[in-house]
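Presented below is the structure to which this report refers.
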Amino acid sequence: MAAVSGGVDSSVAVHLLRQQGYEVEGVILEFSPAHRAAVESARVIAEQMKMPLHVIECHREFEENVILPFCREYREGRTPNPCILCNPSTKFALICKAAAELGFDFVATGHYARVEHQSGGTAVLRKSDCLERDQSYMLYRLTQQQLSMLLLPLEGLEKTQVRQIAHQLGLACADAPDSQEICWLPDGDYASFIEQKLGSCPAGEFISPDGTVCGQHKGLLHYTVGQRKHLGVALGYPVFIRSIDPQSNRIYLARTGEEYAQGVLLRDCVIQPNPLLALHQPARAQVKVRSRAPDAPATITLLPDGCAHVLFDTPQRAPAPGQSCVIYDGDIVLGGGFIEKQLLSET
């Protein structure tokens, strides 16, 4: 069963699976009313490819597992990634469940990553061969059960190759633009959306690098750690947002050049089976603190209660609470967690 969106990646994934001898049926999740256009696009592609299409309406699950947690995180001054929230809890959970009920052996998507199915039953998530498009960061929270069912046909391809295949097949989506990051916010105005869901966010104070009040902010959900522009404060020198304190409703500023953190504390970690990471045992690996960040060598120590301490070899710019820090051993995804706070010193 292949997850389709009406886009070029998932459509070409279906074609490649068929070439490999799989019998393929499509599935699309209707997360919200905003996704109905995508469902219709998927119907067009499914008809063109002569493929049955299953539509799963999951408005309630998406609201509970993705939209409301996303809104609450922003209200608390954090910067969540909705795709990372959605993938294990909703998208893959529902698709794997439907596939099992309908008798399918595997599920497939158009993600750019690799899954290695080992003889002992462990599934290893790896980076795509096309590092420019690699999406393993987005998949790090998938369960072993989900990974064990997953096929990723685009693992070794570049986007130009995928579009070329789509053109050769005459697919209507061959030149479709890449999907936007927040698929359920067509206009990208997350602040207005959150206020509609949870009510208005009160204004508060900006605190300057010397500890004095230097202005009023419009509400925490309008800002993110590391932000430099559109702050509305004039101190005579450039500043950025160092931290956001939801308890006091204050935003703390620092001078530009001071935005680098020595490390981060992670919460709600998901660790895949591996011989490298063990509780209380410092281990050497690489991390990404955002999806397009380069690999950063680091020392990782797993702590109780799903937490982890990450100390970078080289300070990283403005890792934002709420974002994910994903841990790699070369191209293998070891796991990761949500950034709880920056570590501004080695102590």
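In this text, residue positions in the sequence shown follow numbering that gives the first Met the number 0: the first is 0, and each later residue adds one.
Glycine included, each C-beta is placed from N, C-alpha and C at the ideal position.
None of the values given here were measured: they were computed from a predicted structure.
From alanine 284 to aspartate 312, what distance separates their C-alpha atoms?
-> Start at 1 with the first residue of the sequence shown, and residue 284 comes out as number 285. Start at 1 with the first residue of the sequence shown, and residue 312 comes out as number 313. Distance between the alpha carbons of alanine 284 and aspartate 312 is about 10 Å.
Best match in His229, Val224, Gly231, Gly256 for proximity to arginine 241 [C-alpha to C-alpha] | For the purposes of this step, residue 241 is identified with residue 242 of the sequence shown, where counting begins at 1. Residue Val224 is the option with its Cα nearest to arginine 241.
Hey, quick one: how far does the alpha helix (DSSP H) through arginine 71 stretch, first residue to last?
-> Stepping through the sequence shown from its first residue, residue 71 is reached at position 72. Segment 67-74, the alpha helix (DSSP H) holding arginine 71.
Could you pull out every residue in the same chain whose Cβ sits closer than 7 Å to the Cβ of glycine 214, ignoring the five residues on either side in sequence?
-> As a first step, residue 214 must be located in the sequence shown, where it is residue number 215. If we look at glycine 214 and ignore the five residues flanking it on each side, its Cβ neighbours are Phe205, Gly231, Val232.
Give a yes or no on contact between the segment 136-155 and the segment 24-41, applying the rule of three or more CB pairs nearer than 8 Å.
-> no
Taking the CB atoms as reference points, tell me whether alanine 1 and threonine 121 lie closer together than 9 Å.
-> Taking the sequence shown and counting its residues from 1, one reaches residue 1 at position 2. Taking the sequence shown and counting its residues from 1, one reaches residue 121 at position 122. No.
Would a C-beta distance cut-off of 9 Å place leucine 342 and histidine 308 closer than the cut-off?
-> Taking the first residue of the sequence shown as position 1, residue 342 is located at position 343. Taking the first residue of the sequence shown as position 1, residue 308 is located at position 309. A contact, by the Cβ cut-off of 9 Å.
Going by Cα to Cα distance, which pick from Gln261, Leu219, Pro208, Ala292 is closest to threonine 255?
-> Taking the sequence shown and counting its residues from 1, one reaches residue 255 at position 256. It is Pro208 whose Cα lies nearest to the Cα of threonine 255.
Using a threshold of 9 Å, state whether the C-beta atoms of proline 318 and isoleucine 338 are closer than that.
-> Residue mapping note: residue 318 aligns to position 319 of the sequence shown, counting from 1. Residue mapping note: residue 338 aligns to position 339 of the sequence shown, counting from 1. Their beta carbons are under 9 Å apart, which means proline 318 touches isoleucine 338 by this criterion.
Name the one or two DSSP bridge partners that lysine 340 has.
-> As a working mapping, residue 340 is identified with position 341 in the sequence shown. According to DSSP, which records beta bridges pairwise, lysine 340 is partnered with Leu264.
For the segment 162-232, which segments carrying the alpha helix (DSSP H) assignment without a break, of at least 4 residues, lie completely within its bounds, in sequence order?
-> 189-197
Closest Cα partner of leucine 265 within the set Ser323, Thr211, Leu252, Pro274 = Walking along the sequence shown from the start, residue 265 turns up at place 266. The option with the nearest alpha carbon to leucine 265 is Ser323.
Out of curiosity, what's the CA-to-CA distance linking leucine 234 and serine 191?
-> What you label residue 234 is simply residue 235 of the sequence shown in a count that begins at 1. What you label residue 191 is simply residue 192 of the sequence shown in a count that begins at 1. For leucine 234 and serine 191, the distance between alpha carbons rounds to 28 Å.
Enclosing beta strand (DSSP E) for histidine 53 [first to last residue] | Walking along the sequence shown from the start, residue 53 turns up at place 54. First-last of the beta strand (DSSP E) with histidine 53: 52-56.
Can you have a look at glycine 334 and say buried or exposed, based on whether 16 or more other CB atoms are within 10 angstroms of its CB?
-> Stepping through the sequence shown from its first residue, residue 334 is reached at position 335. Buried, by the Cβ-count rule.
By Cβ distance below 8 Å, which residues in the same chain neighbour threonine 346 in space, the five residues on each side in sequence not counted?
-> If you number the sequence shown from 1, residue 346 lands on position 347. Here threonine 346 scores only 36 on pLDDT, less than 50, and its place in the model is too uncertain to base an answer on.
Kindly identify the DSSP beta-bridge partner or partners of arginine 249.
-> Taking the sequence shown and counting its residues from 1, one reaches residue 249 at position 250. Glu204, Asp244.
Start and end residues, alpha helix (DSSP H) containing glutamine 315 = The residue labelled residue 315 in the question sits at position 316 within the sequence shown. Segment 306-316 is the beta strand (DSSP E) holding glutamine 315; no alpha helix (DSSP H) there.
Starting from glutamate 39, follow the alpha helix (DSSP H) in both directions and report where the run begins and ends.
-> Sequence index remark: in the sequence shown, residue 39 carries index 40 (1-based). 35-47 is the span of the alpha helix (DSSP H), which, as asked, contains glutamate 39.
Can you grab the Cα-Cα spacing for the pair glycine 169 / histidine 116, in whole Å?
-> Position 170 of the sequence shown holds residue 169. Position 117 of the sequence shown holds residue 116. Glycine 169 and histidine 116: Cα-Cα distance of roughly 33 Å.
Rounded to the nearest angstrom, how far is the Cβ of glutamate 157 from that of arginine 125, given a contact under 8 Å?
-> The residue you call residue 157 lines up with position 158 of the sequence shown. The residue you call residue 125 lines up with position 126 of the sequence shown. So it is not a contact: roughly 17 Å between Cβ atoms.
Three-way DSSP call (helix, strand, coil) for glutamate 29 in this model = By one-based count along the sequence shown, residue 29 stands at place 30. Strand.
Run through DSSP, which three-state label would glutamate 62 get?
-> Here residue 62 is taken as the residue at index 63 of the sequence shown, counted from 1. In the structure shown, glutamate 62 sits in a helix (DSSP, three-state: H, G or I).
Can you round the beta-carbon distance between proline 87 and arginine 140 to whole angstroms, since I take them to be within the 8 Å contact cut?
-> The residue you call residue 87 lines up with position 88 of the sequence shown. The residue you call residue 140 lines up with position 141 of the sequence shown. Correct: roughly 5 Å between the Cβ atoms.
How about valine 325 and serine 135: do their beta carbons lie closer than 9 Å?
-> On the sequence shown, position 326 is the one that residue 325 refers to. On the sequence shown, position 136 is the one that residue 135 refers to. Valine 325 places its beta carbon less than 9 Å from that of serine 135.
Nearest candidate by alpha-carbon position, reference asparagine 248, set Pro201, Met137, Leu302, Val288 | By 1-based counting over the sequence shown, the position of residue 248 is 249. Here the closest residue by C-alpha is Pro201.
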